[in-house]
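Colleague: End of the sequence shown = 476 in this note's numbering, gap-free, step of one.
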Amino acid sequence: MKTLFILCAITTALSLSGQNSHAQTTDAPLRIIAFGAHPDDVEQKTGGMGAIWAAKGYKVKFVAMTNGDIGHFESSGGALANRRLKEVQECARIFGIETEVLDIHDGELEPTLENRKTVARLIRDWQADIVLFHRPYDYHPDHRYVGVLVQDASVIVAAPFFTPNTPPTKKNPIFMYYSDNFMRPYAFDPTIVVSIDEVADKKWNCITAMPSQFGDEHSWQASTYPNVPKDEQGRKDYLLKSVQLRNEAVASKYRDRLIAFYGQDKGSKIKYAEAFELCQYGRQPSMDELKKIFLLNGHTTNQPAKVSPGQDGALFLSAEAGKGVGPKIAYMPEASAFGWFTAADKVEWNVQVDKTGEYEVYLDWSVADLEAGKPYVLEAAGQQLKGTVERTGSWQTFKTEKIGTIKLTAGNRKLVFKPASKFETAGDKGALLDLRGLKLIPVKG
Numbered sequence: 032m033k034t035l036f037i038l039c040a041i042t043t044a045l046s047l048s049g050q051n052s053h054a055q056t057t058d059a060p061l062r063i064i065a066f067g068a069h070p071d072d073v074e075q076k077t078g079g080m081g082a083i084w085a086a087k088g089y090k091v092k093f094v095a096m097t098n099g100d101i102g103h104f105e106s107s108g109g110a111l112a113n114r115r116l117k118e119v120q121e122c123a124r125i126f127g128i129e130t131e132v133l134d135i136h137d138g139e140l141e142p143t144l145e146n147r148k149t150v151a152r153l154i155r156d157w158q159a160d161i162v163l164f165h166r167p168y169d170y171h172p173d174h175r176y177v178g179v180l181v182q183d184a185s186v187i188v189a190a191p192f193f194t195p196n197t198p199p200t201k202k203n204p205i206f207m208y209y210s211d212n213f214m215r216p217y218a219f220d221p222t223i224v225v226s227i228d229e230v231a232d233k234k235w236n237c238i239t240a241m242p243s244q245f246g247d248e249h250s251w252q253a254s255t256y257p258n259v260p261k262d263e264q265g266r267k268d269y270l271l272k273s274v275q276l277r278n279e280a281v282a283s284k285y286r287d288r289l290i291a292f293y294g295q296d297k298g299s300k301i302k303y304a305e306a307f308e309l310c311q312y313g314r315q316p317s318m319d320e321l322k323k324i325f326l327l328n329g330h331t332t333n334q335p336a337k338v339s340p341g342q343d344g345a346l347f348l349s350a351e352a353g354k355g356v357g358p359k360i361a362y363m364p365e366a367s368a369f370g371w372f373t374a375a376d377k378v379e380w381n382v383q384v385d386k387t388g389e390y391e392v393y394l395d396w397s398v399a400d401l402e403a404g405k406p407y408v409l410e411a412a413g414q415q416l417k418g419t420v421e422r423t424g425s426w427q428t429f430k431t432e433k434i435g436t437i438k439l440t441a442g443n444r445k446l447v448f449k450p451a452s453k454f455e456t457a458g459d460k461g462a463l464l465d466l467r468g469l470k471l472i473p474v475k476g
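(1) Below 6 Å CB to CB, which residues in the same chain sit around A462 once its five sequence neighbours on both sides are set aside?
(2) So, do the segment 85-97 and the segment 234-246 have three or more beta carbon pairs nearer to each other than 8 Å?
(3) Alpha carbon to alpha carbon, what distance is there between A366 and V94?
(4) Looking at the secondary structure, which residues open and close the alpha helix (DSSP H) in which A123 lies?
(5) How is D72 classed by DSSP in three states: helix, strand or coil?
(6) Flag this pair as yes or no: are the beta carbons of G468 and F347 separated by less than 8 Å?
(7) Between L271 and the rest of its own chain, which residues show a CB-CB distance below 7 Å, the 5 nearest in sequence each way excluded?
(8) Just to confirm my understanding: we take K173, look at its own chain, exclude 5 residues before and 5 after, and list those with CB closer than 6 Å. What are they?
(9) Are P473 and G357 touching if we call contact CB-CB under 8 Å?
(10) Buried or exposed, going by whether 16 or more other CB atoms sit within 10 Å of the CB of L471?
(11) Which residue comes first and which comes last in the beta strand (DSSP E) that contains N381?
(12) Thinking V408 and K445 are a contact (beta carbons under 8 Å), I'd like their distance in whole angstroms, please.
(13) Where does P70 land, buried or exposed, given buried means 16+ other C-beta within 10 angstroms?
(14) Applying the criterion that 16 or more other CB atoms from any shown protein chain within 10 Å of the CB defines a buried residue, is P199 buried or exposed?
(15) Does the segment 254-271 come close enough to the segment 319-337 to have 3 or more Cβ pairs within less than 8 Å?
(16) Could you round the C-beta distance between I83 and W157 to whole angstroms and report it? I think they count as a contact, below 8 Å.
(17) Would you please state the rounded distance, in angstroms, between the beta carbons of T431 and L466? I believe it to be under 8 Å.
(18) Quick check: the Cα distance between T436 and E118, rounded to an integer number of angstroms?
(19) Ignoring anything shorter than 4 residues, give me the alpha helix (DSSP H) runs that lie fully in the segment 133-213, in order along the chain.
(20) Between V392, D296, L464 and T428, which lies nearest to A374 when the distance is taken from Cα to Cα?
(21) With the cut-off set at 8 Å, would you say D100 and R147 are in Cβ contact?
(22) Taking buried to mean at least 16 other C-beta atoms within 10 Å of its own C-beta, is N278 buried or exposed?
(23) Under 6 Å Cβ to Cβ from V398, same chain only, skipping five residues before and after it: list those, please.
(24) In three-state terms, what does DSSP make of W84?
(25) Starting from the C-beta of G79, find all residues in its chain whose C-beta is less than 6 Å away, skip the five residues before and the five after it, and write them out in chain order.
(26) Taking the alpha carbon of L163 as the reference point, which residue from T197, K453, S106 and Y208 has its own alpha carbon closest?
(27) Can you name the residues that DSSP bridges to A95?
(28) Return the chain-ordered list of same chain residues with a C-beta closer than 8 Å to the C-beta of K267, the five sequence neighbours on each side being excluded.
Here's what the structure looks like:
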């Protein structure tokens, strides 16, 4: 497989030496490799987290599986491919990482055995601990096939005799998807959501350094977005703002997760975020390990506080902000969640409702399959929203799903979540669920 260029912070010889020492050293920094379809995809999806990891001393590499040679409305071919290569090289310099662009034509990536071997070799050569990539449900065939190829390589990267000219990984890496908004066959469900506010300027500088995509009059974005200004500076500002808004949307959409990871005060103020979902293939780490990997080391504490609506009117009732009431209710800082074991336990929130109306209610919970099936009730302003605790697969696997709607009137309100009936078994054993929080989203009229 031909490669256009590899930008390295050190020479090739030193890079190879570092890979060998990584295999022998237990305290070596984490190694992350991130795959994208085109030269700009990884930079958009995980440029912020890549910069954070690099600043921590972790080894980060971005890979574009195609050269991007048709991603423009005025130029194409080798000239465009070389231009886009230089753009991501500049992004790599900004982030402090390495980058590589494969010489496969844009729009022509296929899930072949040859390409599977290429992906496996890249992961093995890098001795990756973490692999990031597109979900295989994206709109673009190149994006989808990146997902297929990485998934197909996820087990065999540790096989000694697959691509034996490269060393197998010492253990199966952790594989994680980038966020997207596609709903079929299933929606993206983030395992980790991280703030990139501290490195946002680096990400925006990278976007600005890719004018073939975010600046030229005939760039891909300028040619496909509506209402793009005609003047050069206005166009560049508009296209940069479009990327900023996407990162703002991630923070807004997963505000409850940010609050769970960072605490009510900091989580409610985060402006820009990136999100990742654990793939079912590869090593399955605990949430505590993932939080350490993504540098979310601090545990939240339970500090009951009034919940106020966000800019969009949504209310995030985190476990951190709730008040546990009962004989066995317990806040678990390692999971940012409440767990309880008697029907007398409950969680209360003091909520400021600014606007009267209907609210969709989403539950964020986990439960072991053997404990699932118990009834719960959410009480709010004389209403009761009842349901049954559905399976999530394990205590470590959290899910967020809509459980119904309630009507709230403006003012200070108390919301209570509790078991709907006695559930203790003999010996006072049993559990309801682990509750990370509730999300209430105003129904648009």
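Think of the CB as a built atom: it goes at the ideal place given N, C-alpha and C, for glycine as much as any other residue.
Modeller: Per the coordinate set shown:
(1) Along the sequence shown, read from residue 1 onward, the residue named residue 462 stands at position 431. The answer, listed in chain order, is F372 and E402.
(2) No contact exists between the segment 85-97 and the segment 234-246.
(3) Locating residue 94 in the sequence shown gives position 63, where the first residue counts as 1. Locating residue 366 in the sequence shown gives position 335, where the first residue counts as 1. Taking the straight line from one Cα to the other gives about 33 Å.
(4) Indexing the sequence shown from 1 puts residue 123 at position 92. Residue range G108 to F126 is occupied by the alpha helix (DSSP H) that includes A123.
(5) Residue 72 sits at position 41 when you count from the first residue of the sequence shown. In this structure, D72 counts as helix in the three-state DSSP scheme.
(6) To locate residue 468, count along the sequence shown from 1; it is residue 437. To locate residue 347, count along the sequence shown from 1; it is residue 316. Closer than 8 Å, so yes.
(7) The residue you call residue 271 lines up with position 240 of the sequence shown. Around L271: W235, I238, T239 and F245.
(8) Looking up residue 173 in the sequence shown gives position 142. In the sequence on display, residue 173 carries Asp and not Lys. Cβ neighbours of D173 beyond the five flanking positions: A68, T97 and L140.
(9) Position 442 of the sequence shown, counted from the first residue, corresponds to residue 473. Position 326 of the sequence shown, counted from the first residue, corresponds to residue 357. Taking 8 Å as the Cβ cut-off, P473 and G357 do not qualify as a contacting pair.
(10) One-based indexing of the sequence shown puts residue 471 at position 440. L471 comes out buried.
(11) Your numbering for residue 381 matches position 350 in the sequence shown. Unbroken beta strand (DSSP E) run through N381: K377 to V384.
(12) Taking the sequence shown and counting its residues from 1, the one referred to as residue 408 is at position 377. Taking the sequence shown and counting its residues from 1, the one referred to as residue 445 is at position 414. The pair is not a contact, with the Cβ atoms about 14 Å apart (cut-off 8 Å).
(13) For the purposes of this step, residue 70 is identified with residue 39 of the sequence shown, where counting begins at 1. Counting Cβ neighbours within 10 Å, P70 comes out buried, since at least 16 surround it.
(14) By 1-based counting over the sequence shown, the position of residue 199 is 168. Counting Cβ neighbours within 10 Å, P199 comes out buried, since at least 16 surround it.
(15) Output reads no: the segment 319-337 does not touch the segment 254-271.
(16) Translated into positions along the sequence shown, residue 83 becomes position 52. Translated into positions along the sequence shown, residue 157 becomes position 126. Contact between I83 and W157 fails: their C-beta atoms lie close to 18 Å from each other, not under 8 Å.
(17) The residue given as residue 431 occupies position 400 in the sequence shown. The residue given as residue 466 occupies position 435 in the sequence shown. Not confirmed; about 11 Å, so no contact.
(18) Residue 436 sits at position 405 when you count from the first residue of the sequence shown. Residue 118 sits at position 87 when you count from the first residue of the sequence shown. So the two alpha carbons sit approximately 48 Å from each other.
(19) 144-157 and 172-184, all fully within the segment 133-213.
(20) Position 343 of the sequence shown, counted from the start, is the residue given in the question as residue 374. Considering only V392, D296, L464 and T428, the residue with the shortest C-alpha distance to A374 is L464.
(21) Within the sequence shown, the letter at position 69 stands for residue 100. Within the sequence shown, the letter at position 116 stands for residue 147. Taking 8 Å as the Cβ cut-off, D100 and R147 do not qualify as a contacting pair.
(22) One-based indexing of the sequence shown puts residue 278 at position 247. With 16 or more neighbouring CB atoms inside 10 Å of its own CB, N278 falls in the buried class.
(23) Taking the first residue of the sequence shown as position 1, residue 398 is located at position 367. V420, T423 and L464.
(24) Counting from 1 along the sequence shown, the entry for residue 84 is found at position 53. Here W84 sits in helix by DSSP.
(25) As a working note, residue 79 is residue 48 in the sequence shown. Sequence-distant Cβ neighbours of G79 in its own chain, meaning closer than 6 Å and more than five residues away, are I227, V230, K234 and E305.
(26) In the sequence shown, residue 163 corresponds to position 132, counting from 1. The residue from T197, K453, S106 and Y208 with its alpha-carbon nearest to that of L163 is Y208.
(27) For this step, residue 95 is matched to residue 64 along the sequence shown. For A95, which the question treats as bridged, DSSP gives the partners G67 and V132.
(28) Along the sequence shown, one-based indexing puts residue 267 at 236. Cβ neighbours of K267 beyond the five flanking positions: T239, P242, F245 and G246.
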